[in-house]
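*Asks:* My questions all concern the structure below.
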Amino acid sequence: MIIEARDVKHFYGDFCALDGVTLGVEAGQLVSIIGPNGAGKSTLINVLTGLLQPSAGSVRFKGRDIAGAGPVRLARLGLARSFQLVQIFPDLTVLETLQAAAVSRLGRGRRLLASLAADGEVRRDAEHVADLFGLGEKLHAPSRTLPQGDKKLLDVAAAFALRPAAILLDEPTSGVSTRDKTTVMQMLVRASRGIGVQAILLVEHDMDIVFGYSDRIVALQQGRILVDTTPDGLRTDETVLATLVGRATATASAAPGP
Amino acid sequence: MTAHVVNVLMGGLFHAAILFLVAAGLQVVFGVQRIFNLACGSFYAFGAYVGVAAVQAFIQVGGPPGLFILPLVAAGLLAGLAGILVERGLLRFIYDRDETFQLLLTFAVVLMIEDLIQMTWGAAPTSTSGLYLVYGQVRLLGATVPAYNLIVIGASLVIAVGIGWLLARTAFGRIVRAAAENREMAEALGVDMRAVYVRVFTLGCMLGTLGGALVIPSTAAMSEMGVELIVEAFAVVVIGGLGSMRGALAGALVVGVLRAIAIAVYPALEMLLIYLIVIAVLVLRPRGLFGKAVVA
Amino acid sequence: MRRPQAVAVIVALAAALALPRMAPAYHVTLMLPFMAYGIALLGLNLLFGYTGLVSFGHALFLGIGAYTGAFLTTHTRVRSIEIILLVAALGAAAVAAPVGALCVRYVKIYFGMLTLAFGMLFYTFVLKFYHLTGGDEGMRFLRPSLLGQPLGDLSKTAYLVGPYYYYSLALLVLATVAMWRIVHSPFGLCLRTVRDNPLKAESLGLSVPRYRWYAFVISAVYAGAGGVLLAVPTGNVDPTLAYWTHSGNLVFMTLLGGFASFFGPIAGALVFIYLQDTVMSLFLYWRLVFGAILAALVLFAPTGLAGLVVRRQPPEAAHR
Chain Y
41 MIIEARDVKH
51 FYGDFCALDG
61 VTLGVEAGQL
71 VSIIGPNGAG
81 KSTLINVLTG
91 LLQPSAGSVR
101 FKGRDIAGAG
111 PVRLARLGLA
121 RSFQLVQIFP
131 DLTVLETLQA
141 AAVSRLGRGR
151 RLLASLAADG
161 EVRRDAEHVA
171 DLFGLGEKLH
181 APSRTLPQGD
191 KKLLDVAAAF
201 ALRPAAILLD
211 EPTSGVSTRD
221 KTTVMQMLVR
231 ASRGIGVQAI
241 LLVEHDMDIV
251 FGYSDRIVAL
261 QQGRILVDTT
271 PDGLRTDETV
281 LATLVGRATA
291 TASAAPGP
Chain Z
148 MTAHVVNVLM
158 GGLFHAAILF
168 LVAAGLQVVF
178 GVQRIFNLAC
188 GSFYAFGAYV
198 GVAAVQAFIQ
208 VGGPPGLFIL
218 PLVAAGLLAG
228 LAGILVERGL
238 LRFIYDRDET
248 FQLLLTFAVV
258 LMIEDLIQMT
268 WGAAPTSTSG
278 LYLVYGQVRL
288 LGATVPAYNL
298 IVIGASLVIA
308 VGIGWLLART
318 AFGRIVRAAA
328 ENREMAEALG
338 VDMRAVYVRV
348 FTLGCMLGTL
358 GGALVIPSTA
368 AMSEMGVELI
378 VEAFAVVVIG
388 GLGSMRGALA
398 GALVVGVLRA
408 IAIAVYPALE
418 MLLIYLIVIA
428 VLVLRPRGLF
438 GKAVVA
Chain D
3 MRRPQAVAVI
13 VALAAALALP
23 RMAPAYHVTL
33 MLPFMAYGIA
43 LLGLNLLFGY
53 TGLVSFGHAL
63 FLGIGAYTGA
73 FLTTHTRVRS
83 IEIILLVAAL
93 GAAAVAAPVG
103 ALCVRYVKIY
113 FGMLTLAFGM
123 LFYTFVLKFY
133 HLTGGDEGMR
143 FLRPSLLGQP
153 LGDLSKTAYL
163 VGPYYYYSLA
173 LLVLATVAMW
183 RIVHSPFGLC
193 LRTVRDNPLK
203 AESLGLSVPR
213 YRWYAFVISA
223 VYAGAGGVLL
233 AVPTGNVDPT
243 LAYWTHSGNL
253 VFMTLLGGFA
263 SFFGPIAGAL
273 VFIYLQDTVM
283 SLFLYWRLVF
293 GAILAALVLF
303 APTGLAGLVV
313 RRQPPEAAHR
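Structure, rendered in structure tokens:
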């Protein structure tokens with residue numbers, strides 16, 4: 041198991057955001073986390089990516105305890121993430137952004153007097169990732185001049201450039217037009233295979249994406265796991281669907297939407 | 148022995164009273180506008196010079212020495228109105244900018260006021276000589292303390308209470324506190340932030356100029372007094388907590404009294420001790436005594 | 003380096019080399035503080051422009067450099083400027099290491115305040131402990147030997163406009179080349195990520211406080227060297243070197259030249275020195291003029307002169 045959370049609880053003061061969450065991601069899997077806002081998704085993500093120390097329970101990455109380890113240590117261990125609110129380096133170009141990831145991965149961040157431009161390995165790495173994400177033509181564009189969709193891709197691409205063992209994508213298709221969502225997802229899947237990412241944890245609101253790409257779906261509600269099953273398993277579970285998606289069917293009672 | 152201690156303490160409290168006024172001005176501006184006004188020391192100096200000029204003019208036209216405090220206070224308050232020029236003319240254009248640039252702009256104001264003061268009054272110190280002891284002296288636990296000191300300390304306390312009342316009980320105070328808490332919300336609720344900003348900044352400057360005016364009888368107005376005071380005022384607000392009025396009071400007491408003690412015991416230590424405390428506070432408890440939590 | 007930039011640098015260098023032969027001694031000696039500030043500002047801008055931290059206490063390191071030289075030349079038999087520079091650099095680094103470790107945990111205004119406090123701490127220390135440092139009268143800084151040559155037979159002016167001028171220029175060139183490499187290295191790229199988006203930088207595995215610390219120490223070493231060069235022409239060091247307004251002027255010069263450009267700060271130092279000299283000779287109240295210039299910069303040209311020459315969009319740092 042690459043990522044494993046066991047009985048994770050987290051309190052903000054008196055408020056219980058996570059109430060005993062257990063979940064695991066195996067190599068080769070794409071696991072989606074879904075749930076209404078306020079269900080505890082952000083808290084869970086922050087716990088899983090080491091930004092938050094859980095009040096109770098354990099979080100393991102490749103067998104190592106990573107509770108509260110912090111993003112820097114996790115990135116070095118091989119767990120990367122992209123952000124819901126797109127995070128880029130405004131004054132760096134696309135190339136420089138990806139070069140930074142490569143520099144970090146190769147441990148060359150302390151090379152004070154070496155020339156970045158002359159580092160062929162870093163450059164090829166960055167260009168390769170840029171091509172995987174369709175940013176190959178825009179290498180020298182300053183990140184802040186990119187259209188929003190490309191910024192999103194760059195955020196994700198930089199995380200992939202770390203060649204992580206596992207990656208957490210926080211709503212990678214939010215803000216992307218419906219037509220492009222499939223393109224983005226296919227790009228992500230292809231990039232994962234190309235780079236050798238072993239596990240993907242996806243947080244998504246778009247159910248078509250979730251059902252289309254996940255090996256497993258974990259539904260979170262009020263800090264607890266409602267269901268952890270395959271897309272087929274979820275499709276047939278009417279009550280859960282009604283709770284999450286608000287889809288009333290002939291057999292399910294009228295449940296209030298999220 | 149007691150007399151000596153009392154003397155030292157009273158000197159410290161007097162200095163604390165002045166520091167409180169300047170720091171309160173800093174706090175109210177930082178609290179609402181999130182700007183650290185480096186020029187508060189310059190306004191302090193400006194208030195001092197204007198105060199001297201007012202008192203000298205008053206005496207020259209035959210005003211009774213015993214009433215000198217009236218033109219002094221009036222001058223101190225009126226001098227603060229110069230803040231309107233600074234706010235409307237310069238500051239209001241950079242509210243949406245990075246803090247660094249706001250700081251640099253107030254530094255620019257420091258430079259300009261420094262020379263404007265020199266242009267108007269020259270480089271030599273000026274003073275209201277002889278008027279310090281017009282109100283006589285008071286015996287306190289064996290020590291002889293100028294009554295003027297007690298007047299200023301009392302006035303500062305009154306102003307402290309007054310500011311507290313202003314913030315807690317008046318409509319303006321409520322708006323100021325709301326704007327300090329959440330600017331966008333206040334604007335969304337229809338508060339005219341431009342008007343608030345001018346008033347708050349001017350209030351801040353007036354407190355500074357008043358402090359400068361009030362210190363005058365006990366010392367001379369000198370060209371460096373502005374740049375020197377800003378570091379003390381800065382120490383006060385860091386120790387007390389940025390943006391907090393209670394912090395201004397507590398910080399002023401700490402700095403004023405500690406400094407007086409240091410001067411009496413080991414003069415070389417004076418400001419050194421204060422800076423060490425500032426650094427210690429910034430490291431151990433960045434929000435100071437009464438400030439809000441700081442996000443690193 | 004782009005062609006126009008390279009041409010400009012070559013022209014500037016040629017002019018600087020030819021200056022002592024063409025201009026009167028007064029103007030040549032004016033270049034000396036410019037070169038000292040140029041070195042110091044290269045360091046300061048590594049911190050400001052490339053890492054996004056504004057220090058209001060960098061004059062502290064100027065002071066350390068200057069006082070190191072004064073102390074060595076008056077209390078020991080050391081006269082070699084190379085040794086002085088080395089000790090000053092080590093001293094600046096030694097102070098910057100703990101001070102920086104403390105300061106880089108905080109950002110923006112708190113970083114500025116902490117650095118201001120440390121600067122004033124040094125100022126006060128140097129002022130009060132006059133047995134060691136000469137108090138407000140300062141200490142002498144005796145003429146150092148250059149490359150082992152004592153040059154004692156030269157008059158002060160001949161020394162300054164001759165060998166010392168070229169030595170300073172060589173140091174400035176060296177410092178510039180080194181900083182150019184630093185800024186264009188993988189390390190330099192990491193600094194810029196830390197400046198642009200600390201959250202994202204951390205998610206890529208880059209330790210934000212660590213990189214800020216490196217930048218702080220390097221900038222301190224540069225400022226220390228600058229401090230040595232600054233003090234030699236006057237032959238005297240005093241506490242005002244470390245006063246907070248001196249730190250403010252350093253930031254002013256950086257802003258004037260343009261913090262978003264590599265050569266900006268050097269240009270800023272040049273303009274500042276010459277402008278100050280010109281204004282001071284015409285008008286006693288130069289601070290008023292300079293205050294107005296700084297205000298105008300902040301309001302209308304936050305990217306400085308370099309930003310006006312190369313019309314680019316101002317970096318995010320100029321706006322919230």
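Residue numbers (the working numbering), protein chains in the order written: chain Y, 41 to 298; chain Z, 148 to 443; chain D, 3 to 322. Yeah, the Cβ is synthetic: ideal placement off N, Cα and C, and Gly gets one too.
May I ask you to list the residues that DSSP assigns as paired with D:M141?
*Replies:* Numbered from 1 along the third sequence, position 139 holds the residue referred to as residue 141 of chain D. Partner(s): D:V239.
*Asks:* Kindly indicate which three-state DSSP category Y:F55 falls into: helix, strand or coil?
*Replies:* Working through the first sequence from its first residue, we reach residue 55 of chain Y at position 15. Correct three-state label for Y:F55: strand.
*Asks:* For Y:H7, list the residues DSSP reports as bridge partners.
*Replies:* Summary: the structure shown does not reach residue 7 of chain Y, with chain Y confined to residues 41 through 298, and so no result is reported for it.
*Asks:* Measure the Cβ-Cβ separation of D:G250 and D:A94 and say whether it is below 9 Å.
*Replies:* In the third sequence, residue 250 of chain D corresponds to position 248, counting from 1. In the third sequence, residue 94 of chain D corresponds to position 92, counting from 1. Between D:G250 and D:A94, the gap from beta carbon to beta carbon reaches 9 Å or more.
*Asks:* Of the residues D:V163, D:I12, D:A119 and D:A180, which one's Cα is nearest the Cα of Y:S155?
*Replies:* The residue labelled residue 155 of chain Y in the question sits at position 115 within the first sequence. Nearest of D:V163, D:I12, D:A119 and D:A180 to Y:S155, Cα basis: D:A180.
*Asks:* Cα-Cα, which of Y:R264, Y:T270 and Y:D272 is closest to Y:A79?
*Replies:* Position 39 of the first sequence, counted from the first residue, corresponds to residue 79 of chain Y. In terms of Cα proximity to Y:A79, the closest of Y:R264, Y:T270 and Y:D272 is Y:R264.
*Asks:* Could you please give me the residues that DSSP links to Y:G64 through a beta bridge?
*Replies:* For the purposes of this step, residue 64 of chain Y is identified with residue 24 of the first sequence, where counting begins at 1. The beta-bridge partner set that DSSP reports for Y:G64 consists of Y:E44.
*Asks:* Quick check: the Cα distance between Z:P414 and D:L123, rounded to an integer number of angstroms?
*Replies:* Mapped onto the second sequence, residue 414 of chain Z falls at position 267. Mapped onto the third sequence, residue 123 of chain D falls at position 121. D:L123 has its alpha-carbon roughly 15 Å from the corresponding atom of Z:P414.
*Asks:* List the DSSP bridge partners of Y:F101.
*Replies:* Residue numbering aside, residue 101 of chain Y sits at position 61 when the first sequence is read from its first letter. BP columns for Y:F101 point to Y:I43 and Y:R104.
*Asks:* Helix, strand or coil for Y:D210? Go by DSSP, reduced to three states.
*Replies:* Indexing the first sequence from 1 puts residue 210 of chain Y at position 170. Strand at Y:D210.
*Asks:* Does the CB of D:P304 have a neighbour CB from chain Z at under 9 Å?
*Replies:* Counting from one through the third sequence, the residue named residue 304 of chain D turns up at place 302. Yes, D:P304 lies at the interface with chain Z (some Cβ there is under 9 Å from its Cβ).
*Asks:* Given this structure, state the Cα-to-Cα distance separating Y:N77 from Y:E211, to the nearest angstrom.
*Replies:* Position 37 of the first sequence, counting from 1, holds the residue named residue 77 of chain Y. Position 171 of the first sequence, counting from 1, holds the residue named residue 211 of chain Y. When only Cα atoms are considered, Y:N77 and Y:E211 end up about 13 Å apart.
*Asks:* Can you tell me the Cα-Cα spacing of Z:D245 and D:F265, whole angstroms?
*Replies:* As a working mapping, residue 245 of chain Z is identified with position 98 in the second sequence. As a working mapping, residue 265 of chain D is identified with position 263 in the third sequence. Those two C-alpha atoms are separated by around 23 Å.
*Asks:* Using only CA atoms, which one of D:L87, D:A297 and D:V312 lies nearest to Z:L250?
*Replies:* Start at 1 with the first residue of the second sequence, and residue 250 of chain Z comes out as number 103. Here the closest residue by C-alpha is D:A297.
*Asks:* For Z:A171, name the three-state secondary structure that DSSP assigns.
*Replies:* The residue you call residue 171 of chain Z lines up with position 24 of the second sequence. Three-state result, Z:A171: helix.
*Asks:* Quick check on DSSP: helix, strand or coil for Z:L423?
*Replies:* Taking the first residue of the second sequence as position 1, residue 423 of chain Z is located at position 276. Residue state, collapsed to three classes: helix.
*Asks:* Could you tell me which residues DSSP puts in a beta bridge with Y:D277?
*Replies:* Residue numbering aside, residue 277 of chain Y sits at position 237 when the first sequence is read from its first letter. DSSP, once it has assigned bridges, lists no residue as partnering Y:D277.
*Asks:* In chain Z, which residues lie less than 8 Å from D:L123 when you measure between Cβ atoms?
*Replies:* In the third sequence, counting from the first residue as 1, residue 123 of chain D sits at position 121. Result: L419, Y422, L423 and I426.
*Asks:* Would you tell me roughly how many angstroms separate the C-alpha atoms of Y:T279 and Z:I241, rounded to the nearest one?
*Replies:* The residue labelled residue 279 of chain Y in the question sits at position 239 within the first sequence. The residue labelled residue 241 of chain Z in the question sits at position 94 within the second sequence. Approximately 55 Å between the Cα atoms of the pair.
*Asks:* Between which residues of its own chain and Y:N86 is the CB-CB distance below 6 Å, once the five residues before and five after are set aside?
*Replies:* Residue numbering aside, residue 86 of chain Y sits at position 46 when the first sequence is read from its first letter. Scanning its chain for C-beta atoms nearer than 6 Å, with the 5 sequence neighbours on each side dropped, one finds around Y:N86 the residues L92, in chain order.
*Asks:* Could you give the distance in angstroms between the alpha-carbon of Z:L228 and the alpha-carbon of Y:F200?
*Replies:* Along the second sequence, read from residue 1 onward, the residue named residue 228 of chain Z stands at position 81. Along the first sequence, read from residue 1 onward, the residue named residue 200 of chain Y stands at position 160. The alpha-carbon separation between Z:L228 and Y:F200 amounts to approximately 58 Å.
*Asks:* Using a C-beta to C-beta distance shorter than 7 Å, which residues of chain D count as neighbours of Z:P272?
*Replies:* Translated into positions along the second sequence, residue 272 of chain Z becomes position 125. Neighbours of Z:P272 on chain D: none; closest Cβ ~17 Å, over 7 Å.
*Asks:* When you compare only the Cα positions, how much space is there between Y:A288 and Y:H180?
*Replies:* Mapped onto the first sequence, residue 288 of chain Y falls at position 248. Mapped onto the first sequence, residue 180 of chain Y falls at position 140. Because the pLDDT at Y:A288 is just 49, under 50, the model does not fix this residue reliably, and the point stays unresolved.
*Asks:* List, in chain order, every chain D residue whose beta-carbon is nearer than 9 Å to that of Y:I128.
*Replies:* Reading the first sequence from its first residue, position 88 is the one you call residue 128 of chain Y. Within 9 Å Cβ-Cβ: D198, N199 and K202.
*Asks:* Is it the case that the CB of D:F124 approaches a heavy atom of the ligand NAP more closely than 8 Å?
*Replies:* Here there are no bound small molecules, and the ligand NAP is not part of this structure.
*Asks:* Which of the three DSSP states is assigned to Y:Q124 in this structure?
*Replies:* Here residue 124 of chain Y refers to the residue found at position 84 when the first sequence is read from its first residue. Coil, per DSSP.
*Asks:* Assuming Z:Y295 and Z:P364 are in contact, meaning their beta carbons sit under 8 Å apart, how far apart are those beta carbons, in whole angstroms?
*Replies:* Residue mapping note: residue 295 of chain Z aligns to position 148 of the second sequence, counting from 1. Residue mapping note: residue 364 of chain Z aligns to position 217 of the second sequence, counting from 1. So it is a contact: roughly 6 Å between Cβ atoms.
*Asks:* Closer than 8 Å between beta carbons: that is the criterion. Which residues of the region 105-129 of chain D meet it against chain Z?
*Replies:* R107, Y108, V109, K110, I111, Y112, G114, M115, L116, L118, A119, F120, M122, L123, T126 and F127
*Asks:* Is the beta carbon of D:G65 less than 9 Å from the beta carbon of D:A244?
*Replies:* Your numbering for residue 65 of chain D matches position 63 in the third sequence. Your numbering for residue 244 of chain D matches position 242 in the third sequence. It is a contact, given that the beta carbons lie within the stated cut-off.
*Asks:* Taking only beta carbons into account, state which residues of the region 229-244 of chain Z come closer than 7 Å to chain D, listed in chain order.
*Replies:* So the list reads L237, F240, I241, D243 and R244, given in the order they occur along the chain.
*Asks:* Closest by CA to Z:G289, which one among Z:L156, Z:P433 and Z:K439?
*Replies:* As a working mapping, residue 289 of chain Z is identified with position 142 in the second sequence. Checking every option, the nearest Cα to that of Z:G289 belongs to Z:L156.
*Asks:* Measuring only between beta-carbons, confirm whether D:W288 sits less than 9 Å from chain Z.
*Replies:* The residue labelled residue 288 of chain D in the question sits at position 286 within the third sequence. Taking Cβ atoms only, chain Z reaches closer than 9 Å to D:W288, which makes this a yes.
*Asks:* Among D:S263, D:S157 and D:L87, which residue has its Cα nearest to the Cα of D:L49?
*Replies:* Translated into the one-based positions of the third sequence, residue 49 of chain D becomes position 47. Looking from the CA of D:L49, the closest CA among D:S263, D:S157 and D:L87 belongs to D:S263.
*Asks:* Determine the direct distance from the alpha carbon of D:G259 to that of D:V273, and round the result to whole angstroms.
*Replies:* Residue 273 of chain D sits at position 271 when you count from the first residue of the third sequence. Residue 259 of chain D sits at position 257 when you count from the first residue of the third sequence. Going by the C-alpha atoms only, they are around 8 Å apart.
*Asks:* Are there 16 or more other CB atoms within 10 angstroms of the CB of Y:M227, so buried, or fewer, so exposed?
*Replies:* The sequence position of residue 227 of chain Y within the first sequence is 187, counting from 1. Counting Cβ neighbours within 10 Å, Y:M227 comes out buried, since at least 16 surround it.
*Asks:* Just to make sure I have the definition right: I need the residues of chain Z whose C-beta is within less than 7 Å of the C-beta of D:F131. Which are they?
*Replies:* Reading the third sequence from its first residue, position 129 is the one you call residue 131 of chain D. By Cβ distance, chain Z contributes A415.
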